[in-house]
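This report refers to the structure that appears directly beneath it.
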Amino acid sequence: MSTETSNMGNSEDNKPSNFIKEIINKDIDNNKNNGRVITRFPPEPNGYLHIGHAKSICLNFGLASEYNGKCNLRFDDTNPTKEEQEYVDSIIEDIRWLGFHWGEKELYASDYFDELFEYAVKLIKKGKAYIDSSDGDQIKEMRGMPTKPGIESPYRNRAVEENLDLFMRMKNGEFKDGEHVLRAKIDMSSPNMNMRDPIMYRIKHATHHRTGDKWCIYPMYDWAHGQSDSIEGITHSICTLEFENHRPLYDWFVKELEIHHPQQIEFARLNMSYTIMSKRKLLQLVEDKHVDGWDDPRMPTISGLRRRGYTPEAIRNFAEMVGVAKRDNVIDYSLLEYSVRDHLNKQAQRVMSVLRPIKVILTNYPEGQIEEMEAVNNPEDETMGTRMLPFSRELFIDMDDFKEDPPKKYYRLSPGSEVRLRYAYIIKCDEVIKDPATGEIIALHCSYDPETKSGVGTSTKKVKATIHWVSAQHAIEAEVRLYDRLFNSSDPAGDKEVDFLSHINKDSLEILKNCKIEPFLKNAKIGERFQFERLGYFAVDNKNTTTDNLVFNRTATLKDAWTKIENAKNK
Ligand code: ATP
Ligand code: MG
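The opening position of the sequence shown corresponds to residue 402 in this note's numbering, with each subsequent residue numbered one higher.
Right, dumping it as structure tokens:
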């Protein structure tokens, strides 16, 4: 999607503009960076990507693509103790799945450890960085408060030679963790706390997932990030708002080093109702087994959404709909659900599936007879054609479509009433068969009207309801997992006094075994998505499906039940 070419120019797509594009357009007009656009997506490999990251991915890769530039995938792997290869692999898989490509290979901040070290030496030589031998608490204490200036460290005016010597020895592993740090020499009374001699390097005797034991000093985020951007020739370094007051530091470093100066631009991070986006909290859900891994279909992670049945297009459209804002806001969760419904409605194969089966015996239908009924694969897309559905004397319908004591205006099946079986006949319920011991309904005896066959019958009979069904002898069995929102509070992490775990929706997963599905799905593939008519969108689970257990995850219901509930509450 984002191949590097020399033919730069304005966006040719008709995508809506935003303030970042306005900045880029101006830069191109002024021939800044020779009119090139190079962005990056810089995840820290300490967790799986979530829908907020997806927003940032779509923005960065999307801009690169629109302006014929490129977007680098750069792992911000500067903290050896929290980062793992598993996360690197999942991040690569998720971004590819979303449909984006980067250059030949992914990049790592750790690729630049040597250069960053040389840059630090340069600043020390300029008298712009020094070794502080105070301990962590003292450094914190001396930093002061936003309203109160900090205090200069007693080590601040060390000679350049001494600083260089100590820095080399830090690198060579002569000191223990925490004995010294390298700090930038900026301004201890700056109203911006980030400018009060920020730490650039700390000692950490830890094995890094890529550089192994080569280093025992590791760069801090602010030091590594901007310089990595510069080394890669990034033109527009897009980040979220909380970095706004890191920008003066970002600019200070590249200016003092006299290296390529990328422009940092901040936008509002994506916040969504009914969910959390903190990687630390998501990790807690996984580790404490509140969910079935990072890819649990209830998780807001990209892998969770994929397993749930979301399409990359739905997520990209969602990111586009959300837009790019300068101020924080909260996006309603139902917008994400809308986007997947909208895409699957256009795309998904329709099938019939009975989740809570109740047997129907058509007492007047010839034993052993099988008819093939023609069914439309997707009313939204004629090219998807039709398929044949076997029909026979014994069928299953959904328990939800029958009521022994129907309320007024109940049009589905009840004793004595008639309904149409989709693509088949009108049937009438004659008798309810119960288990004499338990009183439980075990079957419905019904009769069909042979004149009412869909499309061919001569009868003009009309009924008010059409229900779905499957032929009992042809049905395949499946397990179906119904998901609801993971939290029952719209802002589960909003109240610091209340543990977000207390807002977990206990009914967010319902597992139905022995569901009956039409035989068309016999060869359904992992990840394949369908609309179960009248019930919603479902995808074949990629984790629990085996050769003898077909498992479906409900991606979304056909309608937005939550908004309805909330509207009712507000009335
Ligand atoms: P943390 O830094 O606390 O571990 P993070 O979510 O910022 O969490 P990163 O791996 O640093 O994780 O994020 C990679 C990129 O994704 C960053 O550029 C960040 O700005 C962006 N990003 C993260 N969360 C969101 C969000 N909710 N909306 C938009 N962009 C986000
Ligand atoms: Mg971050």
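All residues carry an ideal CB built from backbone N, CA and C; glycine is no exception.
Bear in mind that the values here come from a model prediction, so they are computed numbers and not experimental data.
Q. Going by the beta-carbon positions, is the gap between Ser793 and Ile771 smaller than 9 Å?
A. Against the sequence shown, residue 793 aligns to sequence position 392. Against the sequence shown, residue 771 aligns to sequence position 370. Contact flag set, yes.
(Q) Alpha carbons only, please: which of Tyr619, Lys727, Ile732 and Arg821 is nearest the one belonging to Gly851? (A) Counting from 1 along the sequence shown, the entry for residue 851 is found at position 450. Position check: residue 851 holds Pro in this sequence, whereas Gly was assumed. Nearest of Tyr619, Lys727, Ile732 and Arg821 to Pro851, Cα basis: Arg821.
Q: List in chain order: all unbroken alpha helix (DSSP H) runs of 4+ residues lying wholly within the segment 726-801.
A: 734-748
Q. So what's Ser903 in DSSP terms, helix, strand or just coil?
A. Counting from 1 along the sequence shown, the entry for residue 903 is found at position 502. Helix.
Q | Beta-carbon contacts of Glu714 that lie in its chain and below 6 Å, excluding the five residues immediately before and after | A | For the purposes of this step, residue 714 is taken as residue 313 along the sequence shown, with counting starting at 1. His744.
Q. Are there 16 or more other CB atoms within 10 angstroms of the CB of Asp515, so buried, or fewer, so exposed?
A. Numbered from its first residue, the sequence shown carries residue 515 at position 114. Result: exposed.
Q.
In chain order, what are the residue ranges of uninterrupted beta strand (DSSP E) at least 3 long that sit wholly in the segment 454-478?
A. 471-476
Q: Check whether the Cβ atoms of Cys640 and Glu657 lie closer than 9 Å to each other.
A: Along the sequence shown, read from residue 1 onward, the residue named residue 640 stands at position 239. Along the sequence shown, read from residue 1 onward, the residue named residue 657 stands at position 256. Against a cut-off of 9 Å, the Cβ pair of Glu657 and Cys640 comes out as no contact.
Q) Out of curiosity, what's the CA-to-CA distance linking Phe921 and Arg709? A) If you number the sequence shown from 1, residue 921 lands on position 520. If you number the sequence shown from 1, residue 709 lands on position 308. Approximately 21 Å, taken between the alpha carbons.
Q: Compute the Euclidean distance between the alpha carbons of Glu768 and Lys680, then round it to the nearest angstrom.
A: Counted from its first residue, the sequence shown places residue 768 at position 367. Counted from its first residue, the sequence shown places residue 680 at position 279. Cα-Cα distance, rounded: 59 Å.
**Q.** Supposed close pair Val941, Phe953 - CB separation, criterion 8 Å
**A.** Counting from 1 along the sequence shown, the entry for residue 941 is found at position 540. Counting from 1 along the sequence shown, the entry for residue 953 is found at position 552. Correct: roughly 6 Å between the Cβ atoms.
Q) Which residue or residues does DSSP assign as beta-bridge partners of Gly937? A) The count along the sequence shown starts at 1 and reaches residue 937 at position 536. In DSSP, Gly937 forms a bridge with Phe933.
Q. Can His647 and Asn564 be called in contact, C-beta distance under 9 Å?
A. Locating residue 647 in the sequence shown gives position 246, where the first residue counts as 1. Locating residue 564 in the sequence shown gives position 163, where the first residue counts as 1. No, these two residues do not count as a Cβ contact at 9 Å.
Q) Three or more C-beta pairs closer than 8 Å, one from the segment 437-451 and one from the segment 484-495: is that the case here? A) yes
**Q.** Closest residue to Thr958 among Arg882, Leu763 and Asp689 (Cα-Cα distance)
**A.** On the sequence shown, position 557 is the one that residue 958 refers to. When each option's Cα is compared against that of Thr958, the closest is Arg882.
Q: Going by DSSP, name the residue or residues bridged to Glu714.
A: Reading the sequence shown from its first residue, position 313 is the one you call residue 714. BP columns for Glu714 are empty, so no partner.
**Q.** Secondary structure of Glu667, DSSP reduced to three states
**A.** Your numbering for residue 667 matches position 266 in the sequence shown. Strand.
Q) Hey, how far is the Cα of Val833 from the Cα of Trp870? A) Here residue 833 refers to the residue found at position 432 of the sequence shown. Here residue 870 refers to the residue found at position 469 of the sequence shown. Taking the straight line joining both Cα atoms gives about 18 Å.
Q) Which one or two residues does DSSP pair with Cys847 in a beta bridge? A) Residue mapping note: residue 847 aligns to position 446 of the sequence shown, counting from 1. Looking at the DSSP assignment, Cys847 forms a beta bridge with Leu763 and Cys830.
Q: Tell me Thr867's beta-bridge partners as DSSP assigns them.
A: Locating residue 867 in the sequence shown gives position 466, counting from the first residue. Paired residue(s): Arg821.
(Q) To the nearest angstrom, how far is the alpha carbon of Trp695 from that of Lys897? (A) Translated into the one-based positions of the sequence shown, residue 695 becomes position 294. Translated into the one-based positions of the sequence shown, residue 897 becomes position 496. Between Trp695 and Lys897, the C-alpha separation is close to 24 Å.
(Q) Let me check you understand the geometry: is the CB of Asp477 closer than 8 Å to at least one non-hydrogen atom of ligand 3? (A) Ligands present in the displayed structure are limited to ligand 1 and ligand 2, and ligand 3 is not among them.
**Q.** Same chain, Cβ closer than 6 Å to Met409, five either side skipped, listed in chain order
**A.** Within the sequence shown, numbered from 1, the residue matching residue 409 stands at position 8. A caution first: Met409 carries a pLDDT of 37, below 50, which makes its placement in the model too unreliable to give a value.
Q: Give a single yes or no on whether Lys680 has its beta carbon closer than 8 Å to a heavy atom of ligand 1.
A: On the sequence shown, position 279 is the one that residue 680 refers to. It does: the Cβ of Lys680 is within 8 Å (strictly closer) of some heavy atom of ligand 1.
Q.
Can you give me the C-alpha to C-alpha distance between Asn419 and Ile439, rounded to a whole angstrom?
A. For the purposes of this step, residue 419 is taken as residue 18 along the sequence shown, with counting starting at 1. For the purposes of this step, residue 439 is taken as residue 38 along the sequence shown, with counting starting at 1. Using only the alpha carbons, I get a separation of about 17 Å.
Q: Output yes or no for whether 9 Å exceeds the beta carbon distance between Leu763 and Ile703.
A: Here the question's residue 763 lines up with position 362 in the sequence shown. Here the question's residue 703 lines up with position 302 in the sequence shown. Cβ distance not < 9 Å, so Leu763 and Ile703 don't count as in contact.
Q: Alpha carbon to alpha carbon, how far is Pro791 from Glu878? Give it in angstroms, no decimals.
A: Along the sequence shown, read from residue 1 onward, the residue named residue 878 stands at position 477. Along the sequence shown, read from residue 1 onward, the residue named residue 791 stands at position 390. The alpha-carbon atoms of Glu878 and Pro791 are separated by roughly 16 Å.
**Q.** Beta bridge counterpart(s) of Arg584 as assigned by DSSP
**A.** Here residue 584 corresponds to residue number 183 of the sequence shown, with the count starting at 1. Answer is Tyr531 and Ile600.
(Q) For ligand 1, I want to know if Cys617 counts as a neighbour, meaning its beta carbon is within less than 8 Å of at least one of the ligand's heavy atoms. (A) Position 216 of the sequence shown, counted from the first residue, corresponds to residue 617. Outside the cutoff, so no.
Q. Thinking just about the alpha-carbon of each residue, which of Arg570, Lys914, Thr867 and Ile660 is nearest to the one in Tyr811?
A. Taking the sequence shown and counting its residues from 1, one reaches residue 811 at position 410. When each option's Cα is compared against that of Tyr811, the closest is Thr867.
(Q) For ligand 1, is there any heavy atom lying closer than 8 Å to the beta carbon of Cys830? (A) Within the sequence shown, the letter at position 429 stands for residue 830. No, ligand 1 has no heavy atom inside 8 Å of this Cβ.
Q: Could you tell me if Val755 is buried or exposed, where buried requires 16 or more neighbouring beta carbons within 10 angstroms of its beta carbon?
A: Start at 1 with the first residue of the sequence shown, and residue 755 comes out as number 354. Buried, since its Cβ has 16 or more Cβ neighbours within 10 Å.
Q. Where in the segment 596-645 do unbroken runs of the alpha helix (DSSP H), each at least 4 residues long, occur, reported from the N-terminal end onward?
A. 622-632
Q. When burial is assigned at 16 or more other CB atoms within 10 Å of the CB, is Arg597 buried or exposed?
A. Here the question's residue 597 lines up with position 196 in the sequence shown. Classification for Arg597: buried.
Q) If we ignore side chains and look at the alpha-carbon of each, how far apart do Ser951 and Phe568 end up? A) Taking the first residue of the sequence shown as position 1, residue 951 is located at position 550. Taking the first residue of the sequence shown as position 1, residue 568 is located at position 167. Going by the sequence as given, residue 951 is Leu instead of Ser. Spanning the two alpha carbons is a distance of roughly 60 Å.
Q. What does a CB cutoff of less than 6 Å around Val761 pick up in its chain, not counting 5 residues either side in sequence?
A. For the purposes of this step, residue 761 is identified with residue 360 of the sequence shown, where counting begins at 1. Result list for Val761: Leu796, Ile798, Leu845 and Cys847, in chain order.
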